[in-house]
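The letter at position 52 of the sequence shown is residue 51 when you use numbering that gives the first Met the number 0, and the numbering goes up by one with no holes. Here the structure comes first, spelled out in structure tokens, and everything after it is commentary.
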Amino acid sequence: MGAVARYAYLNARVSVMAARLLPEAQIESLIEQPLREGAGMLAESGVDLGLDESEIEPTVLEQAWLLSLLEDLKVLGRCLSGNARDLLIYWIRRFELGNLKAIIRGKMAGSSAAAIREELLDLGSFTTLRLDQLLASEDVAELLRLLEDTPYGDIARQARAVFEERHDSFMLDAALDRRYYAGLAKRVKAFRGEDRQHLDRLLGAVIDHVNLVWLLRYRLAYGLPPAETYYLLVQGGYRISSSDWQELARMGSLLEVLEALPPGLRELLDGADTVSEVQLRLEQESRRIAESILTRTAFNLARALAYLVLREKEMHQVLAVLKGRRLGLSPSLIRFAAGFAALGAV
0 MGAVARYAYL NARVSVMAAR LLPEAQIESL IEQPLREGAG MLAESGVDLG
50 LDESEIEPTV LEQAWLLSLL EDLKVLGRCL SGNARDLLIY WIRRFELGNL
100 KAIIRGKMAG SSAAAIREEL LDLGSFTTLR LDQLLASEDV AELLRLLEDT
150 PYGDIARQAR AVFEERHDSF MLDAALDRRY YAGLAKRVKA FRGEDRQHLD
200 RLLGAVIDHV NLVWLLRYRL AYGLPPAETY YLLVQGGYRI SSSDWQELAR
250 MGSLLEVLEA LPPGLRELLD GADTVSEVQL RLEQESRRIA ESILTRTAFN
300 LARALAYLVL REKEMHQVLA VLKGRRLGLS PSLIRFAAGF AALGAV
């Protein structure tokens, strides 16, 4: 079956959903305009703020927006089967992994089950974790054992090995993230032809970006040695090979790392002098890649994932603006938190 026949319905559904996406300029305008003026625009995107800004609760809005995203995923998933459907669902599993990490952090901090539950997102029918059982576990070691017969078994086994060696929440968090993105890279490799080409460009760039930010933080902020830093990176990506990651992990300064990157990334990050600035520019590149795939290609799986990536970025930006306004932050700080501009930029 050709790509047009295989993805015809998916392509049509993605086009309908993409029409609801908000341009960044419209989201940025919420920083200083009265929210009642932007409420109509947000409602068209499926977000109802109500009438009173003082009553807006960002955590409630985040949950509502996530459920809306999951409804989109249900519709898109019905258009697919096999590896294509599996990849789409695996991408959204990051939210459940976030819940798992919240439970682990709560357990390590000695928080009550009720307090931990307050931190969790409701994933509706996409929930696979037995939350009551995990919350009732005696400790992190038992919790990780309980995960071994779930879709997170592979992730849990590696995390358990790390935890038994070093009872360190940071290392455990890093192991969970690394294993998730390794699973993502493995799933992308199951595709061929045009699907693989566009998925490599979209998700390979995501893995490159994640790896680079991790490398800079592990080496420069946390002072991890090169070998440990390299071990915590994902083996996969788009523009940087395993041997190049090994070499980058040996470097001891931000400037040294940036100057050793492949030409495209080096030019993108030229002049960045903080890890936060690097992360901002990488996020902006991810958006450009997703927008390009969404608007300039058709009849491929990456187009559906590009929509989900952009919808999620939209959610994070609107929430960052609303949280910033609620906290009384300056417009420049809100722009930085929402990923519109570097701190101090005009």
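A virtual CB, placed ideally from N, CA and C, is assigned to each residue, including glycine. If you're wondering where the values come from, they're calculated on a predicted model, not measured in any experiment.
Would you decide whether residue i is buried or exposed? Buried here means 16 or more other CB atoms lie within 10 Å of its CB.
i	result
residue 240	exposed
residue 273	exposed
residue 254	exposed
residue 58	exposed
residue 164	exposed
residue 310	buried
Using the C-alpha atoms, what's the distance from residue j back to residue i?
i	j	result
residue 237	residue 264	11 Å
residue 331	residue 139	40 Å
residue 220	residue 56	33 Å
residue 327	residue 333	9 Å
residue 64	residue 26	15 Å
residue 95	residue 127	8 Å
residue 111	residue 130	14 Å
residue 186	residue 20	27 Å
residue 320	residue 313	11 Å
residue 175	residue 147	13 Å
residue 136	residue 122	21 Å
residue 124	residue 152	20 Å
residue 33	residue 287	29 Å
residue 4	residue 82	17 Å
residue 145	residue 99	12 Å
residue 18	residue 24	15 Å
How many whole angstroms separate the CB atoms of residue i and residue j, which I take to be in contact at a CB cut-off of 8 Å?
i	j	result
residue 6	residue 298	4 Å
residue 304	residue 9	11 Å between Cβ atoms; not a contact.
residue 277	residue 211	7 Å
residue 91	residue 69	7 Å
residue 316	residue 337	5 Å
Within its chain, find whatever has a CB closer than 7 Å to the CB of residue i; leave out the 5 residues flanking it on each side and keep chain order.
i	result
residue 250	256 and 259
residue 197	292, 296, 299 and 301
residue 143	155, 158, 159 and 162
residue 231	173, 177, 213 and 217
residue 50	For residue 50, the pLDDT reaches just 46, beneath the cut-off of 50, and the residue's location in the model is therefore unreliable, although a value from the coordinates is still provided. So the qualifying residues of the chain are 35.
residue 150	127
residue 12	74, 75 and 78
residue 89	182, 183 and 186
residue 62	120 and 121
Using a Cβ-Cβ cut-off of 8 Å (strictly less than) and excluding sequence neighbours within five positions of residue i, which residues of its own chain qualify?
i	result
residue 115	101, 102, 105, 106 and 134
residue 269	257
residue 169	221
residue 85	186
Excluding sequence positions up to five away, which residues of its chain have a Cβ less than 6 Å from the Cβ of residue i?
i	result
residue 294	none
residue 72	91
Is residue i near the ligand GTP, going by C-beta to nearest heavy atom under 8 Å?
i	result
residue 307	For the structure depicted, the ligand GTP is absent and the ligand set is empty, with no information on it obtainable.
**Prompt:** Do the stretch 178-186 and the stretch 275-294 touch if we need at least three Cβ pairs shorter than 8 Å?
**Reply:** The stretch 178-186 is not in contact with the stretch 275-294.
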